[in-house]
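Data block below; observations after.
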Amino acid sequence: MSDSIPISVPEHVAIIMDGNGRWANARGLPRSMGHRKGVEAVRETVRAAGDMGIKFLTLFAFSSENWRRPEAEVVGLLGLLKAFIRRDLGELHRQNVRIRVIGDRQNLQGDILPLLIEAEETTKDNTALTLVIAFNYGSRDEITRAVASLARDVEAGRLRPQDITPALIDARLDTAGIPDPDLIIRTSGEERLSNFLLWQAAYSEFIFVPDYWPDFSRALFASTLKRYAARDRRFGALSASQTAAVGS
Ligand code: FPP
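Residues in the sequence shown are numbered from 73 upward in steps of one, following the numbering used here.
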């Protein structure tokens, strides 16, 4: 619907999908049902992002801290992610969606890593939306791995410390080649970043919505993008109107 598409569409939207458990609790359902409904919201959001002309959509699917949850819940979440890739990969590929995965790949057990790699390999030449799945992801861990990789280059004499730049750090992050998020959305009313894209969020806009993730819909996404379009992004400089006022 053209009237629901805002004028200024962000190139990259990142989402902290929070509130699956509370959505289920509020209905007297097990938490696993909240996660299941959460996957439906993922499907709708990916489709909507493509339709709205967003080029990158990053979803925080599983954090490096989520392993601390009860084993049954961890197994359930991994199962849902695997089922999503198995069932939806063909359709995403047909929609020209490219999948990228960020997060630590070391020490992952079982068939999750081969599946994630298959999703990346199958879709690597696709050119519509890039769906970035943050799995076993923690921003401090990502930055630590990037810094360690630079330190190894310095130790080996391939790099001088004075040549380290923000761009070089960018290139060592899991998100290398992905533009910084213009907009970070968090559902469920919580207002924090929870170790998500700390480096990349330097100039992101944040929008917190009270709705639980399973209730996130195309309409809610569109209204969030309208709020984003009204923001004045200055990246540390002055806005056009401020610059005009200074010049007058
Ligand atoms: C937060 O809800 C959500 C998660 C920890 C996981 C999100 C995962 C999915 C939606 C499913 C798999 C992902 C993909 C990309 C298919 P919570 O459990 O922390 O909710 P609460 O704060 O209300 O307890």
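Just so you know, even glycine gets a beta-carbon here, dropped at the ideal spot from N, CA and C.
Among the residues of its own chain, which have a CB less than 6 angstroms from the CB of residue i, if the five just before and after it don't count?
i           : result
residue 239 : none
residue 85  : 126, 129, 255
residue 91  : 259, 260, 284, 285
residue 73  : Note that residue 73 scores 44 on pLDDT, short of 50, meaning its location in the model is unreliable and no value can be drawn from it.
residue 78  : Low per-residue confidence applies at residue 78: pLDDT is 46, beneath 50, and the placement is therefore not dependable, though the value from the model is reported in the following sentence. Hits under 6 angstroms: 297, 298, 301.
Whose C-beta lies closer than 8 angstroms to the C-beta of residue i among residues of the same chain, with five residues either side of it excluded?
i           : result
residue 183 : 154
residue 274 : 252
residue 312 : none
residue 122 : 167, 169, 200, 201
I'd like to know whether the C-beta atoms of residue i and residue j end up nearer to each other than 7 angstroms.
i           : j           : result
residue 301 : residue 80  : yes
residue 164 : residue 111 : no
residue 303 : residue 263 : no
residue 170 : residue 195 : yes
residue 87  : residue 257 : yes
residue 139 : residue 215 : no
residue 187 : residue 157 : yes
residue 162 : residue 209 : no
residue 288 : residue 207 : no
Tell me where the beta strand (DSSP E) around residue i begins and ends.
i           : result
residue 191 : Counting along the chain, residue 191 falls outside any beta strand (DSSP E), though it belongs to the alpha helix (DSSP H) covering 184–195.
residue 133 : 128–135
residue 200 : Note, residue 200: premise wrong, no beta strand (DSSP E); not H, not E.
Can you check DSSP and say which residues form a bridge with residue i?
i           : result
residue 174 : 206
residue 215 : None; residue 215 has no bridge partner.
If I follow the unbroken alpha helix (DSSP H) through residue i, where does it start and stop?
i           : result
residue 118 : 103–124
residue 146 : 143–166
residue 86  : Note, residue 86: premise wrong, no alpha helix (DSSP H); beta strand (DSSP E) at 84–88.
residue 139 : It is not in any alpha helix (DSSP H) - residue 139 carries neither H nor E in the DSSP assignment.
residue 92  : 92–97
Sorted by chain position, which residues of the same chain lie with C-beta nearer than 7 angstroms to residue i's C-beta, five sequence neighbours on each side aside?
i           : result
residue 233 : 226
residue 93  : 103, 106
Scan the segment 234–319 and note each continuous beta strand (DSSP E) run of 3 residues or more that stays entirely inside, going in chain order.
255–258, 277–280
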